[in-house]
Amino acid sequence: MLKLSEKIGYGFGDMSSSMFWKIFGAYLMIFYTDVFGLSAAVVGTMFAITRIWDSFFDPVVGIASDRTDTRWGKFRPYLLYLALPFAAIGMLTFMTPPFGNTGKIVYAFITYTLMMMVYSAINVPYASMLGVISPNPSDRNTLATYRMMFAYIGSFIALLLFMPLVNFFGGDLPSASMHGWMTAPQFGWFMAVVVIGLFCSVLFFGCFSLTRERVKPVNESKTPLKTDIKDLLHNSPWWILLGAGVASLVFNSVRDGATVYYFKYFIDETAFGNIKFIGIPFVLSGLYLAVGQVANIVGVIIAAPISNKIGKRHTFMAAMAIASVLSVVFYFFDKDQLILIFVFQIFISICAGSIFPLLWSMYADCADYSELKTGNRATGLIFSSSSMSQKFGWAIGTAVTGWMLAAFGFVANGAQNPETINGIKMFLSILPAIGTVLSFVCIAFYPLSEKRMKNITKELENKREKSKYSE
361 MLKLSEKIGY
371 GFGDMSSSMF
381 WKIFGAYLMI
391 FYTDVFGLSA
401 AVVGTMFAIT
411 RIWDSFFDPV
421 VGIASDRTDT
431 RWGKFRPYLL
441 YLALPFAAIG
451 MLTFMTPPFG
461 NTGKIVYAFI
471 TYTLMMMVYS
481 AINVPYASML
491 GVISPNPSDR
501 NTLATYRMMF
511 AYIGSFIALL
521 LFMPLVNFFG
531 GDLPSASMHG
541 WMTAPQFGWF
551 MAVVVIGLFC
561 SVLFFGCFSL
571 TRERVKPVNE
581 SKTPLKTDIK
591 DLLHNSPWWI
601 LLGAGVASLV
611 FNSVRDGATV
621 YYFKYFIDET
631 AFGNIKFIGI
641 PFVLSGLYLA
651 VGQVANIVGV
661 IIAAPISNKI
671 GKRHTFMAAM
681 AIASVLSVVF
691 YFFDKDQLIL
701 IFVFQIFISI
711 CAGSIFPLLW
721 SMYADCADYS
731 ELKTGNRATG
741 LIFSSSSMSQ
751 KFGWAIGTAV
761 TGWMLAAFGF
771 VANGAQNPET
781 INGIKMFLSI
791 LPAIGTVLSF
801 VCIAFYPLSE
811 KRMKNITKEL
821 ENKREKSKYS
831 E
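Counted the way this note's numbering counts, the sequence shown spans residues 361 to 831.
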């Protein structure tokens with residue numbers, strides 16, 4: 361039985377990752393177009409190139425972490441050594457240098473690529489820890505629940521406070537005001553990430569300190585990389601989860617990346633001014649995103665009891681089916697129907713929140729399935745290749761958002777034509793629905809039921825016991 365402190369400690373890791381990840385997903389696109397000064401088409405292309413490259417970098421990290429051997433374990437050392445670089449490169453990503461257009465494009469490519477690489481280098485080992493903290497599937501479900509609950513708490517904090525921090529450090533000052541080479545708004549964006557980045561480092565240090573690695577593979581000998589990859593490619597449940605993961609992340613990334621555009625250009629949130637809560641001024645888009653994170657937490661909490669009754673696969677399918685219908689209906693809301701817009705955001709986000717703890721728990725099941733089938737446990741490779749599906753989903757979603765904004769005639773900080781407004785509405789409705797439908801279809805074929813996993817766990821425990829006595 362895991363201690364509460366270790367469950368919370370494990371949650372700290374994804375709380376840190378998600379704070380940055382949500383800021384990238386919700387604000388980086390509009391930062392690059394409206395603050396940094398790049399065109400939407402260039403940003404879309406950059407996202408596609410850097411994230412696809414980073415997707416292939418994930419398995420490299422997984423392979424390296426599988427072969428890491430320290431007194432702290434295979435995966436925990438990465439949290440210790442990369443916590444500060446993770447924060448520092450994130451800060452550089454949101455810095456606006458005094459370069460011309462070409463220089464800015466090069467700077468954006470370099471810093472964003474480095475950010476995605478260091479994100480992989482710390483997040484892949486962190487995710488892999490789920491498979492080695494405990495061999496018990498119920499413990500893993502609990503850890504996955506804590507992980508996702510803290511992830512959404514972190515996202516909620518980041519999304520709620522990010523724009524107030526931007527405004528506090530310079531966003532409310534005239535744009536002509538300068539902080540060094542940066543205008544006041546640019547300085548505000550940079551300093552907001554400095555604050556959040558330092559907090560993220562502290563959380564990763566906490567995750568390292570409070571967790572332990574316990575699960576050892578049945579076969580302790582190092583297997584050739586070729587064998588690991590071959591085993592992965594023959595792991596059919598993993599392929600199914602890969603497809604479902606890509607589709608569900610397209611759903612999330614398109615919605616997140618277009619939200620600020622939706623409220624800035626369709627809703628016209630400036631007409632509502634700042635909305636104060638406990639004395640802190642919030643913008644409407646920030647509240648919308650924050651409400652979504654609270655709803656995500658509700659989804660995480662209800663996922664485990666529902667899946668324990670009807671199974672992970674059926675829970676996942678039900679969530680994606682409901683999200684598909686609600687997303688299509690969302691398209692028909694007018695700008696003055698704010699109550700319905702927020703209500704549907706809540707229900708769609710509950711559905712979205714419920715699937716991710718299921719996905720990560722299923723990936724851990726895939727590692728057990730592979731070990732029983734092949735005798736080889738490549739936890740890091742399985743989780744890194746699963747993280748790769750996330751990156752592909754985000755790459756597709758954000759690239760499509762940038763390219764379609766350009767195709768719809770988007771002009772940064774200007775009046776948008778009806779075609780552009782219609783396109784922005786589709787980013788929060790029809791396009792995400794395509795992702796949920798595809799995810800539903802993929803997960804319908806997932807074969808590892810709860811009954812089958814109990815048998816697999818029992819057989820692996822017997823093998824580990826025999827391995828101990830044979831030593």
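Ideal placement from N, C-alpha and C gives every residue a C-beta, glycine not left out.
Please state if the CB of alanine 724 and the CB of proline 497 are separated by a distance shorter than 9 Å. Yes, the Cβ-Cβ distance between proline 497 and alanine 724 is below 9 Å.
Since phenylalanine 516 sits in a beta bridge, which residues does DSSP pair it with? In the DSSP secondary-structure assignment, phenylalanine 516 is not bridged to any residue.
Could you work out which residue in Ile715, Asn656, Ser709 is closest to histidine 674 when comparing CA atoms only? Ile715
How do the segment 793–804 and the segment 680–694 stand: do at least 3 beta-carbon pairs fall below 8 Å, yes or no? yes
Which first and last residues belong to the alpha helix (DSSP H) in which glycine 460 is found? Per DSSP, glycine 460 belongs to no alpha helix (DSSP H) and is neither H nor E.
Chain B beta carbons: is any one of them nearer than 9 Å to that of cysteine 567? In the displayed structure, chain B is absent; only one protein chain is listed.
Cβ atoms of leucine 649 and aspartate 628: under 9 Å apart, would you say? no
Per DSSP, cross-strand counterpart(s) of threonine 430: In DSSP, threonine 430 forms a bridge with Gly433.
Are the beta-carbon atoms belonging to glycine 605 and glycine 422 less than 9 Å from one another? Their beta carbons are not under 9 Å apart, which means glycine 605 does not touch glycine 422 by this criterion.
With a CB to CB cut of under 6 Å and the five nearest residues on each side skipped, what residues in its chain are close to glycine 373? Tyr486, Cys567
Can at least three beta-carbon pairs, one atom from the segment 400–414 and one from the segment 763–775, be found at a separation below 8 Å? yes
Would you kindly check if the distance between the Cβ of phenylalanine 446 and the Cβ of glycine 557 is under 9 Å? yes
Any contact of the segment 500–510 with the segment 586–596, i.e. 3+ C-beta pairs under 8 Å? no
To the nearest angstrom, how far is it from the Cα of phenylalanine 416 to the Cα of alanine 755? 12 Å
Can you find at least 3 beta carbon pairs, one from the segment 513–521 and one from the segment 374–384, that sit closer than 8 Å? yes
Cβ separation of leucine 820 and leucine 732, assumed to be a contact under 8 Å, to the nearest whole Å: About 6 Å separates the two Cβ atoms, so the contact holds.
Answer with buried or exposed for tyrosine 479, where buried requires no fewer than 16 other C-beta atoms within 10 angstroms of its C-beta. By the 10 Å Cβ count, tyrosine 479 comes out buried.
Quick one: Cα of glycine 530 to Cα of alanine 552, how far? 10 Å
Would you grab the beta carbon distance between proline 597 and tyrosine 729 for me? Rounded to a whole angstrom, and I think it's under 8 Å. Sure, about 6 Å apart at Cβ, within 8 Å.
Using a Cβ-Cβ cut-off of 7 Å (strictly less than) and excluding sequence neighbours within five positions of cysteine 560, which residues of its own chain qualify? Ser376, Met379, Phe380, Phe446, Ala447
Terminal residues of the alpha helix (DSSP H) in which methionine 489 lies: It is not in any alpha helix (DSSP H) - methionine 489 carries neither H nor E in the DSSP assignment.
Which runs of the alpha helix (DSSP H) fall wholly inside the segment 759–783 and span at least 4 residues, in chain order? none
Do cysteine 802 and isoleucine 600 have their CB atoms nearer than 9 Å? yes
Phenylalanine 407 versus phenylalanine 522 - alpha carbon distance: 22 Å
Less than 9 Å between the C-beta atoms of tyrosine 622 and lysine 785, yes or no? yes
Could you check if methionine 776 is buried or exposed, using at least 16 other CB atoms within 10 Å of its CB as the buried criterion? Reading the sequence as shown, one finds glutamine at residue 776 and not methionine. Flag for glutamine 776 reads buried.
Quick one: grab the DSSP three-state call for proline 792. Assignment of proline 792 by DSSP, reduced to helix, strand and coil, places it in the helix class.
How big is the Cα-Cα spacing for serine 713 and glycine 659? It is worth fixing the name first, because residue 713 is glycine in this sequence and not serine. Each residue's Cα considered, the two are about 5 Å apart.
One question on the structure: do glycine 491 and alanine 727 come within less than 9 Å of each other, judged by their Cβ atoms? yes
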